[in-house]
Amino acid sequence: MATIAVIYHSLYGHTKLQAEAVLREARSVPDSTVKLYTAEEAAACLDELDAADAIIMGCPTYMGSMSAGMKTFVEAAARKWFTLAWKNKIAGAFTNSSSFSGDKLNTLVGLIINAMQHGMIFVGLGMLPSSNKPEDMKQVTGPGPDAHNRVGSFLGPMASSFQVQPPDAPAKGDIETAEAYGRRVAEITLQFIRGRNA
-16 MATIAVIYHS LYGHTKLQAE AVLREARSVP DSTVKLYTAE EAAACLDELD AADAIIMGCP
44 TYMGSMSAGM KTFVEAAARK WFTLAWKNKI AGAFTNSSSF SGDKLNTLVG LIINAMQHGM
104 IFVGLGMLPS SNKPEDMKQV TGPGPDAHNR VGSFLGPMAS SFQVQPPDAP AKGDIETAEA
164 YGRRVAEITL QFIRGRNA
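So that you can map any letter, position 184 of the sequence shown is 167 in the numbering used here, and since no number is skipped, the others follow by simple counting.
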């Protein structure tokens, strides 16, 4: 059985929808137990996270970096660093911003560096850009809102919500990308626990 924690910060609700998508498909993987935490809840029960086999973190990108709520969690979790309590756990990350870029890459890099500081093993997206609609890559407008990985990220899911309120944003393709990522992290976590050829 794999135990997975999905930790998110969301001010307007867009990243919460991403987190719920990650949770939904991670739970669909047999032998996976998945729990959703806000960043505040997770900071208040850090010892509970010691039992998780995987921790997936997500937050909005604000001013080109992770949100203050996620940064607060990251700094609270620094006390786990001293004993490497989270060493060899599987890690993942996702983010959302109000434009195609918004410098979301910087947010994911920050979350990955945090995972590396803890000695965790990071899982990337494992998906080509516009993977379900490859023909969209041949037009100047690029992938549309139904495309998976429409932003072309390889580190983790990146959603673009523009100035559209949830639940109309993030777009269908962005939510489905987050779902696929939740499934991927759960499957890799189980492989890690059992051994690939077990």
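Using N, Cα and C, we set each Cβ at its ideal position, and we do this for glycine too.
Determine the contact status of N79 and A130, defining contact as a CB-CB distance below 7 Å. no
What span of residues does the alpha helix (DSSP H) with Y164 cover, start to end? Start and end: K155 to R177.
Check the DSSP bridge columns for Y45 and list the partner residues they point to. By DSSP's assignment, Y45 forms a beta bridge with S48.
Less than 8 Å between C-beta atoms, sequence neighbours within five positions excluded: which residues of the same chain meet that for M120? Exclusion of the five residues before and after M120 leaves P112, S113 and P126 as the residues of its chain whose Cβ lies within less than 8 Å of its Cβ.
Do the stretch 169 to 176 and the stretch 9 to 26 make contact, defined as three or more Cβ pairs closer than 8 Å? yes
Between the Cα of S5 and the Cα atoms of R177, Q174, E159 and L173, which residue gives the shortest distance? The question names Ser, yet the displayed sequence has Val at residue 5. The shortest C-alpha separation from V5 is found at E159.
For T78, does the three-state DSSP call read helix, strand or coil? strand
Give me the Cβ distance between L108 and F137, rounded to the nearest whole Å; I'm assuming they're in contact under 8 Å. So it is a contact: roughly 6 Å between Cβ atoms.
Within 7 Å, strictly: CB atoms of A76 and G139: yes
For M53 and K72, believed in contact at Cβ under 8 Å, the rounded distance: K72 to M53, Cβ: 17 Å. No contact.
Is it true that the CB of P149 sits closer than 7 Å to the CB of H(-3)? A distance below 7 Å separates the beta carbons of H(-3) and P149.
Need the endpoints of the beta strand (DSSP E) that K18 sits in, please. In the DSSP assignment, K18 falls within the beta strand (DSSP E) that extends over S15 to T21.
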